[in-house]
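Below: one structure, written as structure tokens.
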Amino acid sequence: MSSQIIVTGVNKVFRTPEKDVVALKDINITIEPGQFVCLLGPSGCGKSTLLNAVAGFSLPSSGTITASGVPVTGPGPERGMVFQEYALFPWMTVAQNIAFGLEVKGLGKAEIAAKVDSLLDTLSLKDFRNRYPKDLSGGMRQRVAIARVLALDSPIMLMDEPFGALDALTRRNLQDELLRIWKAFGKTILFVTHSIEESIYLADRIVVMTYRPGTIKRDQWVDIPRPRDPADPAFNELKRELGRLVMEEQQRHAADELKLAAVD
Amino acid sequence: MKRFKTILHGLIVPVILLVIWEACARAGLVSEVVLPAPSAVALKWWQSLLPAQPFDPAAGTYLAWAFSGELLHDAYASMFRVLVGFAIGAGLALPAGLLMGANPRIYDLFNPLVQVLRPIPPIAYIPLAILWFGLGNPPSFFLISLGAFFPVLMNTIAGVRHVDGIYLRAARNLGVKPLTMFTRVILPAATPYILTGMRIGIGTAFIVVIVSEMIAVNDGLGFRILEAREFMWSDKIIAGMITIGLLGLALDVAMNTLNNYLLRWHRGLEH
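One line per chain: the protein sequences are A and B, in this order. Position 234 (the first sequence) corresponds to 234 in this note's numbering; numbering is contiguous. Position in the second sequence (first residue = 1) + 1000 = this note's numbering.
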């Protein structure tokens, strides 16, 4: 089954007592198997809303999403999610966290152990297998979260600003790791970020979104060969271009906030 | 070495107080009945710890003899009541709290009743307990389990209700079904609260056991110190009180050790 994501005519409206907020308006995207797509935009542009809709946590008000040919009706292990807050289970050790999804799947003990071992190896977590998440750095925790999703063998990986809370060096390190994993495992990745540089460094394709209502402002392909160098002229040219787009939306966001503050 | 110093430091005030107390008693400043000297209390404590009769192989094993002292017998009786009462109270409160915490309907159904019953101190149930259960251990078990029930219940409810939504989302994403969600995610996430409830509950149980022993039974530390009052044996009263204090401390230390073990993953407990 192809790991394609098709988003068709998706709208999402959040109803509040005061007013309805249109978070997503008429979103149409088709993400081909094996593509690495970044959703880019300022906060409030609905990029996380779209990701949550694909994940099945918060279904669209109208429109359809299909993943690997199946309509999305709720969360599921075939669309593994990596959260910004890591969301590791703190009462489980690193190995137990990675094994949990496999136990839920009903795999045998030996199979789980072998898989956990290989993933610990893949993400250089061998020495931490019996540690609890509280004893790990942010970067290590996110490695475990990635391993947990890889364990599911899901063709699709959803990532919600996974490296947002990390320092610059750890972030670059994990970005490289992610690219390696993406290549090795052939995943389809939908990755939310507000960092322009991160999106250019990682993605095949960057979808820039507008601030309320969330629509697609630009569907940008990145042709720069990997490994990409952020100091490269082509990289910088794209960065300038996308920066301009994102700034326009950011300014609308800021203006909106000022208006809200004035009303208060 | 540092530890030794800390212990030494902590002993200064108690030792000074003991010396003053002993001096006052020896100087005859206070009557022996009102406040016996600490040395007399210590002696009494030691005497009641030891077996009353000399060892007789015909009567039983050496071990049974060694533990036949009045104090040990009473301490055992009190501890037994605390543990049985606590097991009943917490054993009922835990599933009830899990249900109430997890299911808003059940919560709405039972919460008003809980709120009305909760403020009634277990001690206020003494008359009813005697009417219902007569004398002996049963009314004690009832009162102690009541004392343990509400702290465990309230904390379990709070624990389940406060489970961070991100864990639930992550688990649903992994494909976790409701039952597994409950046993592998909600329950462990709520453990810090539940254990806090248990710690408060066992503390209350320990208070209630002493009171309940003053009314309906004829052994246990609570009974023993009340009995000593009849004979105006104040040294025995204080010796009993000290034993109660030591047992309470032991329970708390045991609870704390269990806490630290079960919550070794918990952020708040980094040492």
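The beta-carbon is built from N, C-alpha and C at its ideal position, and this holds for glycine as well.
Distance between residue j and residue i (C-alpha atoms, nearest Å)
i                : j                : result
S1234 of chain B : E1022 of chain B : 15 angstroms
N52 of chain A   : D26 of chain A   : 16 angstroms
W1132 of chain B : A1093 of chain B : 21 angstroms
A1124 of chain B : N1259 of chain B : 31 angstroms
Q1047 of chain B : G1134 of chain B : 33 angstroms
P1054 of chain B : G1201 of chain B : 40 angstroms
T188 of chain A  : P162 of chain A  : 16 angstroms
L179 of chain A  : G1147 of chain B : 58 angstroms
V1152 of chain B : G46 of chain A   : 42 angstroms
A110 of chain A  : L119 of chain A  : 14 angstroms
H1162 of chain B : I181 of chain A  : 35 angstroms
I1020 of chain B : I1007 of chain B : 21 angstroms
A1052 of chain B : V1015 of chain B : 30 angstroms
L1083 of chain B : G1089 of chain B : 10 angstroms
E1270 of chain B : V94 of chain A   : Interpretation of E1270 of chain B is limited by its pLDDT of 46, a score under 50 that renders its predicted location unreliable; the figure taken from the coordinates is listed afterwards. Roughly 17 angstroms separates the two Cα atoms.
A1216 of chain B : K1044 of chain B : 25 angstroms
F36 of chain A   : P1119 of chain B : 59 angstroms
L123 of chain A  : V144 of chain A  : 8 angstroms
T1156 of chain B : L1195 of chain B : 9 angstroms
R129 of chain A  : F185 of chain A  : 22 angstroms
L169 of chain A  : A1102 of chain B : 42 angstroms
R244 of chain A  : V222 of chain A  : 16 angstroms
K19 of chain A   : I1126 of chain B : 57 angstroms
W1265 of chain B : L1187 of chain B : 14 angstroms
I1166 of chain B : V149 of chain A  : 15 angstroms
E241 of chain A  : T73 of chain A   : 37 angstroms
T210 of chain A  : H253 of chain A  : 9 angstroms
M1 of chain A    : L1098 of chain B : Because the pLDDT at M1 of chain A is just 49, under 50, the model does not fix this residue reliably, and the value given afterwards should be weighed accordingly. If you take the alpha carbons of M1 of chain A and L1098 of chain B, they lie about 41 angstroms apart.
S1031 of chain B : A1025 of chain B : 7 angstroms
R171 of chain A  : A147 of chain A  : 16 angstroms
D1164 of chain B : I224 of chain A  : 41 angstroms
G101 of chain A  : N236 of chain A  : 41 angstroms
M157 of chain A  : I1244 of chain B : 59 angstroms
R1003 of chain B : D1252 of chain B : 21 angstroms
G139 of chain A  : M1181 of chain B : 27 angstroms
Residue range of the unbroken beta strand (DSSP E) whose run includes residue i
i               : result
D265 of chain A : The question about residue 265 of chain A has no answer here: the residues shown for chain A are numbered 1 through 264.
V22 of chain A  : D20 to I31
In DSSP terms, what residue i is bridged to
i               : result
L169 of chain A : According to DSSP, which records beta bridges pairwise, L169 of chain A is partnered with nothing at all.
I65 of chain A  : A:V7
R79 of chain A  : A:I156
C38 of chain A  : A:F191 and A:I206
F14 of chain A  : A:V21
P71 of chain A  : A:T66
N- and C-terminal bounds of the alpha helix (DSSP H) containing residue i
i                : result
R131 of chain A  : Neither: R131 of chain A is in no alpha helix (DSSP H) and is coded neither H nor E.
R1161 of chain B : N1137 to R1161
K1002 of chain B : K1002 to R1026
T1243 of chain B : S1234 to L1262
P1051 of chain B : No alpha helix (DSSP H) holds P1051 of chain B; DSSP gives it neither H nor E.
G138 of chain A  : G138 to A151
A110 of chain A  : K109 to T122
E1032 of chain B : No alpha helix (DSSP H) contains E1032 of chain B, which DSSP labels as neither H nor E.
T49 of chain A   : K47 to A55
G1222 of chain B : L1221 to E1230
Y1062 of chain B : Y1062 to A1066
L102 of chain A  : V94 to K105
F163 of chain A  : From DSSP, F163 of chain A is part of no alpha helix (DSSP H); its letter is neither H nor E.
W1132 of chain B : I1126 to F1133
Candidates the options: closest to residue i by CA position
i                : options                               : result
L125 of chain A  : A:G108, A:I98 and A:L258              : A:I98
W1214 of chain B : B:Y1062, B:A1205 and B:S1140          : Looking at the sequence provided, one finds Met at residue 1214 of chain B rather than Trp. With distances taken between Cα atoms, M1214 of chain B lies closest to B:S1140.
D121 of chain A  : A:A151, A:S43 and A:P233              : A:A151
A234 of chain A  : A:V207, A:I200 and A:Y211             : A:I200
I1225 of chain B : B:M1181, B:C1024, B:A1171 and B:A1075 : B:A1075
L1168 of chain B : A:A87, A:T73, A:T49 and A:G41         : A:A87
R1199 of chain B : B:M1154, B:V1030, B:L1109 and B:F1004 : B:M1154
G80 of chain A   : B:I1130, B:A1171 and B:L1018          : B:A1171
N11 of chain A   : A:S3, A:I29, A:Q4 and A:P17           : A:I29
I31 of chain A   : A:D153, A:A165, A:V13 and A:I206      : A:I206
G106 of chain A  : B:S1145, B:R1267, B:P1104 and B:G1175 : B:G1175
D160 of chain A  : A:A67, A:E257, A:S43 and A:K259       : A:S43
Y1193 of chain B : B:G1159, B:I1144 and B:T1061          : B:G1159
M62 of chain A   : A:R228, A:E197, A:A23 and A:Q4        : Correcting the residue type first, residue 62 of chain A is Ser in the shown sequence and not Met. Among A:R228, A:E197, A:A23 and A:Q4, the Cα nearest to that of S62 of chain A belongs to A:A23.
I1085 of chain B : B:I1207, B:L1071, B:L1249 and B:L1072 : It should be noted that the sequence gives Gly, not Ile, for residue 1085 of chain B. For the residues B:I1207, B:L1071, B:L1249 and B:L1072, the minimum Cα distance to G1085 of chain B belongs to B:I1207.
L1221 of chain B : B:P1112, B:M1241 and B:M1232          : B:M1241
Beta strand (DSSP E) segments (min. 3 residues) lying fully within the segment 192-245 of chain A:
For the segment 192-245 of chain A, the full-length beta strand (DSSP E) segments reaching 3 residues or more read 205-209 and 216-221 along the chain.
Contained beta strand (DSSP E) runs [length at least 3] in the segment 1161-1205 of chain B, N- to C-terminal order
If we require 3 residues or more, the segment 1161-1205 of chain B turns out to have no beta strand (DSSP E) run fully inside it.
Could you tell me which uninterrupted beta strand (DSSP E) segments, each at least 3 residues in length, are contained entirely in the segment 1091-1123 of chain B, listed from first to last along the chain?
none
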